[in-house]
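Below: one structure, written as structure tokens.
Residue numbers (the working numbering): 60 to 188.
Written out as structure tokens, the structure is:
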């Protein structure tokens, strides 16, 4: 069985999130998703997600394409998460292209194109108008 791991915030869940998870699953048989904790998001962006980590976890768990979900508490632990979950493939969006190549010694690394014209940031800006 080929195990795929990917990571994200998945705030304001939208079609781009669904598409990247579906395409991630196509790289293997079992999809593991790391959900960024609220604290991790705050440390990266100096703001909290709209939905709590518990709500985001419930949304991702409910998807039939996802087999397992856990909280990502630190960016520096990605290698440990890959080992812990025995991942064969790490999938990330191509906005991260090259930034995770150091994990190629642990597993295959795949960068997938983002779904055009949709992002959580853009959705938030539209709602604010």
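Glycine included, every Cβ here is placed at the ideal spot set by N, Cα and C.
Everything numeric in this text was worked out from a predicted model, so none of it was measured.
Alpha carbon to alpha carbon, how far is residue j from residue i? Give it in angstroms, no decimals.
| i | j | result |
| --- | --- | --- |
| residue 172 | residue 162 | 19 Å |
| residue 82 | residue 90 | 10 Å |
| residue 149 | residue 88 | 13 Å |
| residue 123 | residue 105 | 32 Å |
| residue 151 | residue 142 | 17 Å |
| residue 103 | residue 66 | 14 Å |
| residue 156 | residue 170 | 6 Å |
Please state the DSSP three-state secondary structure of residue i.
| i | result |
| --- | --- |
| residue 111 | coil |
| residue 60 | coil |
| residue 162 | helix |
| residue 138 | helix |
Please go through the same chain and pick out, in chain order, the residues whose beta-carbon is closer than 7 Å to the beta-carbon of residue i, but skip the five residues on each side of it.
| i | result |
| --- | --- |
| residue 138 | 162, 165 |
| residue 160 | 168 |
Within a Cβ cutoff of 8 Å, which residues of the same chain sit near residue i, ignoring the five residues on either side of it in sequence?
| i | result |
| --- | --- |
| residue 96 | 112, 130, 131, 132 |
| residue 147 | 61, 62, 63, 87, 166, 167 |
| residue 68 | 94, 95, 100, 108, 115, 179 |
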